[in-house]
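Worksheet for the structure shown next.
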Amino acid sequence: MSPPTEPSTSTPPVRRFKDPAYRPVAPTLAELRQRIDSLDEQIVELLAQRAQCVRDATRFKRDAFQVQAPARQAEVFERVRRLAAAHEDAFPGLPAIVEGAFRTLVAGFVAAEGDLFQQTEPIEP
Ligand SMILES: O=C(O)C(=O)C[C@]1(C(=O)O)C=C[C@H](O)C=C1
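Going left to right, the sequence shown walks through residues 1 to 125 as the UniProt record's numbering numbers them.
Here is the structure:
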């Protein structure tokens, strides 16, 4: 038995989708990975902008419960799931993947906002 190998990135595809309506995105795995890298850069840039908004949101919180804001979290998860559902034709199961990613992201943001909260002080009325 030969050892497992990573896929070739520069050669033609070795499989096809049985669905005749399927339209490929790129002719090689190398091109697909370039696109994925470029999209990852944009995603990280957008996440950094989102993080700035989360940091600023700390100024409007009175206590740890407001940092958690569970009702708002539920709204975010429901919203991104619905947005992803519009793309389910292109990628079955995308809503669950997107919701899972946001659950992980928001858990990280909530924890960070908890730390940032300690760096704030009440504004006197
Ligand atoms: O909407 C807020 O209040 C936020 O602080 C943002 C955010 C989020 O990442 O979407 C983070 C923490 C929770 O409080 C709820 C939502």
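Even for Gly, the Cβ is constructed at its ideal location relative to N, Cα and C.
Please read all numbers here as calculations on a predicted model, not as lab measurements.
Checking the 6 angstroms criterion, the Cβ of R55 is out of range of every heavy atom belonging to ligand 1. When only Cα atoms are considered, A51 and A21 end up about 39 angstroms apart. The beta carbons of T9 and L29 sit closer together than 7 angstroms. By the CB criterion at 7 angstroms, F77 and E99 fall inside the cutoff. For ligand 1, a non-hydrogen atom lies closer than 6 angstroms to the CB of A69.
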